[in-house]
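Below is one structure, written out as structure tokens; comments come after it.
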Amino acid sequence: MAHMSLGWHTALSEAWEAYLRGSYPIGACVVNAEGAVIARGRNRLGEPRSVEGGSIAGHDLAHAEINALLNLAATPRPECRTWTVLTTVEPCPQCAGAIAMSGLRAVEYAAPDPWGGCTRLLTNDPYVSGKRIRVGRAPEDVQRVALRLKAHALWEEERAAGERHVLNSFAAHSPEDVAFAGELYRSGTLTALRGRGAGLVEALAALA
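Residue 208, in the UniProt record's numbering, is where the sequence shown stops; the numbers in between run on with no holes.
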């Protein structure tokens, strides 16, 4: 992959850590106007239930963006309006709403979520659109690996539960990347990396 900003490296690191721990592979962080990472969080749905230490785990609210926002020491106005949430997957309604009410005024995401993504809430809702929240995208190489990692998790989920509706929505939107993720799943590569606690560098090499 080409040179990656610290923010996107952090978000992907959180996504990979989530995968290693048995949660959905989604990571997020908050960067300030200079691009410095000031908070980070990951999806913790697959971890033991906990609401402490600035993070939520094992709870329906335990999404990456929520945990990143909870890890902010403060949200001083107007300074926080120059900060940006970076997330590896398009925010769901819950996370889009949390971003809207957080005081921050920008979000960028990598992988689109044709099933549960709801950035339209930030731009189309009469109340929220008045906050003028900027919605952007990650660089294309980050988009690709984030989408493939998410799709890989959906292949795993489909195999375990026999439910294809979410996977099918991703396949209709991004057929090539979902097919790539399917081949990767069948090869067992990421599963083996998870089994030995491999780092992000190896994961990115497999997903690129």
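All C-beta atoms in this analysis are idealised placements derived from N, C-alpha and C, irrespective of residue type, glycine included.
Whole-Å CB distance - residue i paired with residue j, under 8 Å assumed
i, j, result
"Ser169", "Pro93", "Between Pro93 and Ser169 the Cβ distance is about 15 Å, and since that is not below 8 Å, they are no contact."
"Thr84", "Ile26", "With a Cβ gap of about 17 Å, Thr84 and Ile26 do not count as contacting."
"Ala208", "Val145", "6 Å"
"Thr189", "Ala206", "5 Å"
"Leu200", "Leu61", "Not confirmed; about 26 Å, so no contact."
Status (buried if at least 16 other CB within 10 Å, exposed otherwise) for residue i
i, result
"Ser50", "exposed"
"Leu6", "exposed"
"Glu140", "exposed"
"Arg132", "exposed"
"Ala179", "exposed"
"Arg77", "exposed"
"Gly195", "exposed"
"Gly117", "buried"
Alpha-carbon to alpha-carbon, residue j and residue i
i, j, result
"Ala98", "Leu104", "10 Å"
"Trp8", "Ala18", "15 Å"
"Val166", "Glu47", "22 Å"
"Leu20", "Lys150", "13 Å"
"Asn32", "Thr82", "7 Å"
"Ala181", "Asp125", "34 Å"
"Thr119", "Val135", "7 Å"
"residue 244", "Leu147", "For residue 244 there is no data in the structure shown, the boundaries of the chain being 1 and 208."
"Ser187", "Asn67", "32 Å"
"Leu193", "Val128", "41 Å"
"Gly130", "His152", "37 Å"
"Ala28", "Ala203", "17 Å"
"Arg109", "Ala100", "Correcting the residue identity first, residue 109 is Tyr in this sequence and not Arg. Each residue's alpha carbon lies about 15 Å from the other."
"Gly35", "Ala106", "13 Å"
"Thr191", "Ala138", "26 Å"
"Leu69", "Gly197", "27 Å"
"Thr75", "Thr10", "20 Å"
"Arg42", "Glu14", "5 Å"
"Glu163", "Glu176", "20 Å"
"His59", "Leu121", "23 Å"
"Glu156", "Tyr24", "11 Å"
"Ser174", "Met4", "23 Å"
"Glu52", "Leu154", "29 Å"
Option in the options with minimal Cα separation from residue i
i, options, result
"Asn71", "Ala179, Ser55, His59, Thr82", "Ser55"
"Pro112", "Ala198, Pro91, Arg132", "Pro91"
"Glu158", "Arg144, Arg132, Tyr185, Asp177", "Tyr185"
"Leu45", "Val37, Val30, Glu34, Ala64", "Ala64"
"Val89", "Trp16, Cys80, Ala198", "Trp16"
"Ala57", "Gly22, Ala74, Leu200", "Gly22"
"Ala73", "Ala62, Val37, Cys95", "Val37"
"Ala96", "Cys80, Thr123, Glu163", "Thr123"
"Cys80", "Ala39, Trp155, Glu176, His59", "Ala39"
"Ser102", "Tyr24, Leu154, Met4, Val30", "Val30"
Length-filtered (3 minimum) beta strand (DSSP E) runs lying within the UniProt domain "CMP/dCMP-type deaminase" (2-120): Runs of the beta strand (DSSP E) inside the UniProt domain "CMP/dCMP-type deaminase" (2-120): 27-31, 37-42, 50-52, 55-57, 84-89, 106-111.
Beta strand (DSSP E) runs contained entirely in the segment 181-207, provided each spans 3 or more residues: Listed in chain order, there is nothing to give.
Minimum length 3: unbroken beta strand (DSSP E) runs contained in the segment 113-157: The qualifying runs are 134-137.
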